[in-house]
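What follows is a set of notes on a single structure, which appears directly below.
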DNA sequence: ATAAGGCCCTGACCGC
DNA sequence: TGCGGTCAGGGCCTTA
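Numbering (this note's numbering), first residue to last: 7 to 279.
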């Protein structure tokens, strides 16, 4: 599932490919994908716009246009952006024809993803917590948000109001690196553990970005790929995520799976107590 | 304010 | 081979 490293990879790889390109035609095949404005006006407002700026906030992709408007994209579970020629793949819901002959496809098998075309993206992003790489996101700030919380640390890491961009994959991997059991109540973490978790979050996100994200395609849906369709590589470095029953890379104990906050959670029962 | 559960979707997978 | 049931899961909404 696209989380911060996957969205960051999109931003970095789309910038040179899409920068300066102009939208000449919009085909909206499934209007439900448009969150704002009304689907009937979305296409008309996007035609003629030129992509000039590329950034990210949490798991939201921000495609800045020459008009100063922004096309905001959230891929949720299975959303993908593909910059290609030729016929659209199955589950394509939006096609942007570009002036250079290329096409930008928005594809999403489960239809969870959404796009916004807005003058100001701030309201869309209003509920997000700090960016993990923002200097304001310090161990002390993380400790303050965890203080008194009874919910599991896994559930809290998935809450985008605490820190933006961490999803199921990187939450599990960060908790393993920090040697913290995912079911621990957030408020019970000791200061030293919060420090470990803070640096583990930054570490796994950085490693994910360095590997161009995680693609899970061998079993289950191919739910993330880079703009040209190539997979990321971080799944090769998973310590726990979707490794249920496989030996822990540190101690050989079989990785276990449990359900927290309605999300599958993977951990080593020996390394994470 | 916090926590928990339901909902949206549909391909993959499992058991029969 | 075919079929029905179950699962996954981010963000939003409702409920307690």
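Ideal placement from N, C-alpha and C gives every residue a C-beta, glycine not left out.
Computed from a predicted model, the values in this text were never measured in an experiment.
For residue i, does the count of other Cβ atoms within 10 angstroms reach 16, so buried, or fall short, so exposed?
| i | result |
| --- | --- |
| residue 127 | buried |
| residue 13 | buried |
| residue 163 | buried |
| residue 224 | With a pLDDT of 33 at residue 224, under the threshold of 50, the modelled position of that residue is not reliable, and the figure given next carries that caveat. Per the 10 Å Cβ criterion, exposed. |
| residue 245 | buried |
| residue 93 | exposed |
| residue 30 | exposed |
| residue 268 | exposed |
| residue 271 | buried |
| residue 206 | buried |
| residue 174 | buried |
Note down, in chain order, each residue of its chain lying with its Cβ closer than 6 Å to the Cβ of residue i, except the 5 sequence neighbours on either side.
| i | result |
| --- | --- |
| residue 33 | 101 |
| residue 204 | 145, 148 |
| residue 260 | 251 |
| residue 264 | 271 |
| residue 81 | 8, 119 |
Who are residue i's beta bridge partners in DSSP?
| i | result |
| --- | --- |
| residue 272 | 263 |
| residue 42 | 122 |
| residue 235 | DSSP, once it has assigned bridges, lists no residue as partnering residue 235. |
| residue 67 | 62, 79 |
| residue 114 | 85 |
| residue 158 | 191 |
| residue 101 | 33, 111 |
| residue 57 | 71 |
| residue 28 | 56 |
| residue 253 | 260 |
Please report the Cβ distance between residue i and residue j, rounded to the nearest whole angstrom; I am assuming they are in contact, meaning their Cβ atoms lie under 8 Å.
| i | j | result |
| --- | --- | --- |
| residue 95 | residue 113 | 6 Å |
| residue 39 | residue 116 | 11 Å between Cβ atoms; not a contact. |
| residue 123 | residue 57 | Not a contact, Cβ separation roughly 12 Å. |
Within the same chain, show all residues whose beta-carbon is closer than 7 Å to that of residue i, passing over the 5 residues directly before and after it, in chain order.
| i | result |
| --- | --- |
| residue 218 | 15, 232, 238, 239 |
* **the region 17-37 in contact with the region 51-62 per 3-pair CB rule at 8 Å** => They touch, by the three-pair rule.
* Is the region 253-272 touching the region 130-138, taking contact as three or more C-beta pairs under 8 Å? -> In this structure the region 253-272 does not touch the region 130-138; the number of beta carbon pairs closer than 8 Å is below three.
* Asked: Is the number of C-beta pairs between the region 188-208 and the region 136-154 that are closer than 8 Å three or more?
  -> Flag = yes, the region 188-208 and the region 136-154 touch.
* To do: Could you tell me whether the region 85-94 touches the region 154-173, using the rule of 3 or more Cβ pairs below 8 Å?
  => Proximity of the region 85-94 to the region 154-173 falls short of the contact definition, fewer than three beta-carbon pairs being nearer than 8 Å.
* Does the count of Cβ pairs from the region 70-84 and the region 167-180 closer than 8 Å reach three? -> Contact between the region 70-84 and the region 167-180 is absent: fewer than three C-beta pairs spanning the two stretches fall below 8 Å.
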